[in-house]
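Enquirer:
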Amino acid sequence: MFDLDRWREIFQSINKNRLRSVMSGFTVAFAILLFTLLFGIVSGLSNTFTDAFADDAQNAMFVRVWKTSKPYKGLQTGRTIQLRNSDYNYINDEYGNKIQYKSSRIYKNFTLKYKNEASNYSVMAINPDHQFLEKTIINEGRYVNERDIKDKSKVIVIGRLIKEDLFGQKPALGKRLNVNGSSYLIIGIFSDEGGDNEERKAFIPLSTAQMIYGNNDYISQIALGYDPKLSLDAAVAFGNQMERDLRNKMNIHPDDQSALSVQNMAEANKGVGQFMGILYAIVILVGSGTLVAGIIGISNIMIFVIKERTKEFGIRKALGAKPSSIVGIVVQETVLITTLAGYLGLSFGTYLLSLIGNSLEEDYFIKDPSVSTGIVIGATIVLILSGLIASYIPAKKAANIKPIVALRAD
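Encoded structure:
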């Protein structure tokens, strides 16, 4: 394996037969290159779907209401449906064992002011569990807690960009903020993976908003997180059952999607999983076909090469060379070519993905296309082993031919 003379012979053989060596290497490199690009693009699509749902928990569900579009039980079309605290409590009482997180929501747009700086922002009234449903990251201070809900405290948690807009580089935690004419204590500053829009939001206790802005028990939306131990099918069934029960409770037509809907991340996750599974199956099929084509190409080239070198092997045997040394030199040469070509194909494929990554994201919404090194290395190893087998079998056959027969070969 580490015989210097053998390696010198291998490099001399490669240099002497450049076209054959290039063709063998090209077959391997092209197979790995195409394999890398296909898996990279599919991986980029997977990243796109993941990024699209980065702002919400993967087990989130949202109950939304609007106006009826169908008459039902003598009630007219166009009736406004209003969620209340009782609906939130009903869901908790009926399905508490299937719920991990829960929060009501009230949406407001208020002017937030600190000294001479003021601007309009989205302010959401929530329950404490909302932090986990929105995957909110607390950078300073804390989030709204149960004590704030019970005491109807006038406290506020602001996004990182609100802090920059109103306070600049100065500290904001513990300061008083004018919220639509009322003074609120800043108890926390957060960041969010959802981007700039999410970091220009603020959160206040739900009970405080109901007391100050309407003196009622109205809520805009209910956000839930189903038990992550549920399978996707069980989570989808849970969401459908809850929707049917809420429709019955609020006297809404079973098919009236305008009046009430439950957006269930389990359905989206299931759909994305099925779609990505089909894509990966297609890529594996095409990639496997590419690898098979590469294997056939190597095999054909090696059969031709060994046939061409039969006289050479005959001379070697006549001079005392053992069959194992003849087989060894052919196998080592093949493994060297396939390994180098596989590495070049992998490197070039990875480089191409990084080169076109931004344009793919802008034009085709394929985010950060990349491929697992382990997958491509595995494919390269398959090709190397195939090349080894493709060279070993005919080399073994040629090495066992008697020298006189080998010398007479055409």
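Quick note, the sequence shown lines up with residues 1 to 410 if you use UniProt numbering.
Just so you know, even glycine gets a beta-carbon here, dropped at the ideal spot from N, CA and C.
1. Do Pro369 and Gly378 count as a contact pair if the criterion is CB distance below 8 Å?
2. Comparing alpha-carbon positions, which option in Pro71, Ser69, Phe62 lies nearest Leu83?
3. Just the Cα atoms here: how many angstroms apart are Trp7 and Leu291?
4. Output the residue ranges of the alpha helix (DSSP H) runs that lie fully inside the stretch 232-311 and measure 4 residues or longer, sorted by chain position.
5. Any contact of the stretch 21-39 with the stretch 230-241, i.e. 3+ C-beta pairs under 8 Å?
6. Indicate whether Arg160 and Ile189 have their beta-carbon atoms separated by less than 8 Å.
7. Taking Cβ positions, are Val105 and Ala125 nearer each other than 8 Å?
8. Going by DSSP, which residues form a beta bridge with Lys402?
9. Could you pull the start and end residues of the alpha helix (DSSP H) that Thr208 belongs to?
10. Given this structure, state the Cα-to-Cα distance separating Ile326 from Gly314, to the nearest angstrom.
11. Quick one: give me the first and last residue of the beta strand (DSSP E) that Phe365 is part of.
12. Going by DSSP in three states, Thr77 sits in which element: helix, strand or coil?
13. Between Leu206 and the ligand GDP, is the CB less than 7 Å from at least one heavy atom?
14. Over what stretch of residues does the alpha helix (DSSP H) that includes Asn180 continue unbroken?
15. State yes or no: is the C-beta of residue 414 within less than 8 Å of the C-beta of Ser13?
16. In terms of DSSP beta bridges, what is Ala341 paired with?
17. Please name the residue in Val22, Val123, Lys311, Pro254 whose C-alpha comes closest to that of Glu177.
18. Compute the distance between the beta-carbons of Gly239 and Asn264, then report whether it is under 8 Å.
19. At what residue ranges does the stretch 2-78 contain a whole run of the beta strand (DSSP E), taking only runs of 3 or more?
20. Could you please give the first and the last residue of the uninterrupted alpha helix (DSSP H) stretch that includes Lys154?
21. Is the shortest distance between the beta-carbon of Arg142 and the beta-carbons of chain D less than 8 Å?
22. Under the DSSP definition of a beta bridge, which residues are partnered with Gln221?
23. Distance, Cα to Cα, Lys115 vs Pro254?
24. Answer yes or no: do Ala395 and Ser299 have a C-beta to C-beta separation smaller than 8 Å?
25. Looking at Val28 and Gly342, is the spacing between their C-beta atoms short of 8 Å?
26. Considering only residues of the same chain and omitting the five flanking positions on each side of His130, which have a CB-CB separation below 6 Å?
27. Please state the DSSP three-state secondary structure of Thr136.
28. If I measure Cβ to Cβ from Thr339 and keep anything under 7 Å in the same chain, skipping five residues before and after, which residues do I get?
29. In chain order, what residues of the same chain lie with their CB nearer than 7 Å to the CB of Ser69, ignoring the 5 residues before and after it?
30. Does DSSP classify Gln82 as helix, strand or coil?
31. Determine the contact status of Gly349 and Ala31, defining contact as a CB-CB distance below 8 Å.
32. Smallest Cα separation from Ile337: which of Ser354, Leu388, Tyr101, Leu355?
33. Once DSSP output is grouped into helix, strand and coil, what is the label at Gly328?
Expert: In this structure, then:
1. no
2. Ranking the options by Cα distance to Leu83, first place goes to Phe62.
3. 28 Å
4. 232-249, 265-308
5. no
6. In this structure, Arg160 lies near Ile189, with their beta-carbon atoms less than 8 Å apart.
7. The sequence as given places Arg at residue 105; Val does not occur at that position. Cβ distance < 8 Å, so Arg105 and Ala125 count as in contact.
8. Paired residues: none, contrary to the question.
9. 206-212
10. Those two C-alpha atoms are separated by around 10 Å.
11. Premise fails: Phe365 is in no beta strand (DSSP E) and is neither H nor E.
12. coil
13. Of ligands this structure carries none, so the ligand GDP is not represented either.
14. Taken as a continuous stretch (DSSP letters only), Asn180 belongs to no alpha helix (DSSP H), as it is neither H nor E.
15. Not covered by the structure: residue 414. The range shown for the chain is 1 to 410.
16. In DSSP, Ala341 forms no bridge with anything.
17. Going by the sequence as given, residue 177 is Leu instead of Glu. Comparing Cα positions, the closest option is Val123.
18. yes
19. You should have 60-65.
20. Element bounds for Lys154: n/a, residue is neither H nor E.
21. No chain D appears in this structure, which consists of one protein chain only.
22. Arg64, Arg105
23. 52 Å
24. no
25. yes
26. Result list for His130: Ser103, in chain order.
27. Taken through DSSP and simplified to helix, strand or coil, Thr136 comes out as coil.
28. Ile384
29. Thr77, Asp256, Ser258, Ala259
30. coil
31. no
32. Leu388
33. helix
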